[in-house]
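Protein chains in written order, with my numbering: chain G, 5 to 149; chain U, 267 to 677. Beta carbons: idealized from backbone N, C-alpha and C, even for Gly. If you're wondering where the values come from, they're calculated on a predicted model, not measured in any experiment.
Next up, the structure:
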């Protein structure tokens with residue numbers, strides 16, 4: 005398969021990874037679902053490579069039942085003004101996964117129908133899964149320092 | 267199941283100024299949960315009702331969020347196993363297994379056959395455990411109370427077997443990176459054999475209790491329909507899609523831990539309602555019993571841990587006589603082991619569906635990122651589609667048929 009949004013292809017541990025252009029992610033996903041028959045989106049998540057830049061990687065796990073094949077898509081997103089197009093128009097199931105990524109990493113998904121926090125309370129400050137967020141949070145200090 | 271809404275406003279005496287346009291149907295917002303007994307955990311659903319019909323359902327999750335993914339990043343690889351138990355407290359061994367498989371893929375270590383077969387057996391016990399709790403509580407929600415006692419009787423036996431193997435009833439942490447936590451105990455064959463010989467007739471009992479019950483059938487048949495295309499689009503996996511006729515089970519399509527050496531079938535149904543999901547899970551219990559019987563009868567001999575001294579803790583006896591064993595023990599316990607940099611996605615079939623761990627390593631002794639793609643999270647996302655347009659009385663049956671665990675959803 006070839007699509008101009010795919011920048012690099014990797015193969016490791018028997019798994020295929022595509023590095024994709026974040027600006028064209030919706031087009032690419034539409035193509036993969038309709039033409040390549042990746043009917044299922046297993047999950048959307050992100051990895052924080054702080055302090056490297058571009059800081060975030062948004063990771064999509066796709067699955068084709070027909071060919072019993074899995075595919076990983078990765079998009080690199082900058083640390084300031086982190087934005088990427090939502091793929092909810094392709095798979096409705098992306099809704100909660102993208103909300104979770106927004107909740108945990110603060111990456112905004114454009115054209116998402118309901119981009120709110122999902123696991124943390126609505127008035128929470130900060131994004132817990134970022135690497136510069138302490139594991140004990142900001143609110144309480146358990147050390148004597 | 268759609269019932270036309272009765273316009274109650276018609277019975278109210280007319281007021282002097284009749285509105286120019288007919289009044290919009292009165293809607294009521296009902297808050298269900300988070301402490302509702304049939305949500306099996308802390309799930310809040312905001313329901314919008316028109317009479318008895320649900321027109322909108324909005325699940326609100328996150329009450330059980332404990333930051334397990336964040337905590338994993340701050341523990342040694344081998345210590346994070348204990349957190350995977352807490353994700354899904356009914357299928358903890360499935361979570362142990364998928365984490366161990368993912369890390370072993372990164373480490374490229376091979377588990378000997380005996381270890382793999384015991385893992386299969388334990389994963390099937392956790393499937394039985396989970397399905398039994400599901401059946402008991404689901405029947406209790408709908409009003410058939412006695413099934414609960416029958417199911418929990420067998421579940422108790424399973425927990426005793428798990429305790430025999432691991433020393434723990436629920437938070438077993440039995441499947442570890444590189445093998446198992448402990449050697450299988452003396453006399454395990456007798457305990458497992460006794461249970462598994464009796465189990466098929468127990469399943470017959472549950473079936474008889476429910477299938478001869480007209481109330482059970484009326485409350486489950488034709489309830490909770492959702493098209494298969496919608497389910498796949500929304501990320502639903504496991505018995506839910508198999509009850510809609512899709513023959514897809516990760517144990518068969520992407521075999522792991524030598525599942526390809528076992529002979530079993532994937533039960534499917536076509537009706538795609540609450541009753542079909544019950545039949546599928548019941549058939550799955552029989553298949554699990556078959557797998558456990560095969561594992562018991564054909565258990566290979568040999569080591570049950572990988573030959574990887576830098577990962578697996580040494581034998582206590584060897585530590586008393588061999589310098590190397592003592593050094594490895596000291597190194598693993600104090601500074602952990604390093605896992606080569608890379609990323610893997612490993613998925614297995616848990617009792618609820620596809621559970622997939624995406625693990626990123628940066629070459630240190632702690633995981634860089636662990637993402638848990640849990641089946642309950644994906645399944646619960648289909649709840650609004652399933653409930654919209656149905657009666658509120660059916661919502662409990664529909665909810666129960668999804669078999670979600672809120673710890674699994676919120677992590």
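- In this structure the stretch 486–499 of chain U does not lie against the stretch 345–356 of chain U, because fewer than three pairs of beta carbons, one per stretch, are closer than 8 Å.
- Residue burial annotation: residue 328(U) is buried, with at least 16 other C-beta atoms found within 10 angstroms of its C-beta.
- Assignment of residue 372(U) by DSSP, reduced to helix, strand and coil, places it in the helix class.
- The beta carbon of residue 117(G) does not come within 8 Å of any beta carbon belonging to chain U, so the residue lies off that interface.
- If you check the CB distance, residue 505(U) and residue 543(U) come in under 8 Å.
- Here residue 89(G) is bridged, per DSSP, to 114(G).
- In the DSSP assignment, residue 641(U) falls within the alpha helix (DSSP H) that extends over 641–646.
- Judged by DSSP secondary structure, residue 413(U) falls within the alpha helix (DSSP H) whose first and last residues are 412–432.
- Under the Cβ criterion of 8 Å, residue 674(U) is not counted among the residues facing chain G.
- Of all residues in the stretch 318–342 of chain U, the ones placed with a Cβ closer than 8 Å to any Cβ belonging to chain G are 327, 328, 331, 333, 335, 336, 337, 339 and 340, in chain order.
- Residues of chain G whose Cβ lies closer than 9 Å to the Cβ of residue 647(U) are, in chain order, 96, 97, 99, 100 and 101.
- In this structure, residue 98(G) sits near residue 48(G), with a CB-CB distance shorter than 8 Å.
- DSSP places residue 622(U) in the strand class (E or B) of the three-state scheme.
- Selection 353(U), 540(U) and 337(U) evaluated against residue 643(U) yields 353(U) as nearest (Cα-Cα).
- At a cut-off of 8 Å, the C-beta of residue 34(G) has no neighbouring C-beta in chain U.
- Residue 566(U) places its beta carbon 8 Å or farther from that of residue 325(U).
- Using beta-carbon distances, residue 404(U) does not count as an interface residue toward chain G, since no partner is under 8 Å.
- When the beta-carbon positions are compared, residue 22(G) and residue 69(G) stay at least 8 Å from each other.
- Residues of the stretch 11–40 of chain G whose Cβ lies closer than 8 Å to any Cβ of chain U, in chain order: 16, 17, 19 and 21.
- Following the DSSP letters along the chain, one finds residue 611(U) inside the beta strand (DSSP E) bounded by residues 608–616.
- For the pair residue 330(U) and residue 308(U), the CB atoms are nearer than the 8 Å cut-off.
- Distance from the CA atom of residue 298(U) to the CA atom of residue 662(U), rounded to whole angstroms, is 11 Å.
- Contact between the stretch 509–528 of chain U and the stretch 536–550 of chain U is present: three or more C-beta pairs spanning the two stretches fall below 8 Å.
- In the three-state reduction of the DSSP assignment, residue 550(U) falls in the helix class.
- From the listed residues 606(U), 315(U), 621(U) and 559(U), the smallest Cα separation to residue 633(U) is found for 606(U).
- If you look at residue 522(U), you'll find it isn't in any beta strand (DSSP E); DSSP assigns it neither H nor E.
- The C-alpha of residue 292(U) is placed about 47 Å away from the C-alpha of residue 470(U).
- Per the coordinates, the alpha-carbon of residue 62(G) lies some 21 Å from the alpha-carbon of residue 138(G).
- As the crow flies, the alpha-carbon of residue 85(G) is around 11 Å from that of residue 58(G).
- The criterion of a C-beta distance shorter than 8 Å is satisfied by residue 393(U) and residue 554(U).
- Listed along the chain, the chain G residues whose CB falls inside 8 Å of the CB of residue 371(U) are 17.
- Look at the stretch 431–462 of chain U: it has no residue with a C-beta under 8 Å from a C-beta of chain G.
- In this structure, the straight-line span from the alpha carbon of residue 46(G) to that of residue 104(G) is close to 14 Å.
- Counted as a single uninterrupted DSSP element, the alpha helix (DSSP H) harbouring residue 668(U) occupies residues 658–668.
- A straight line joining the alpha-carbon of residue 428(U) with that of residue 31(G) spans about 49 Å.
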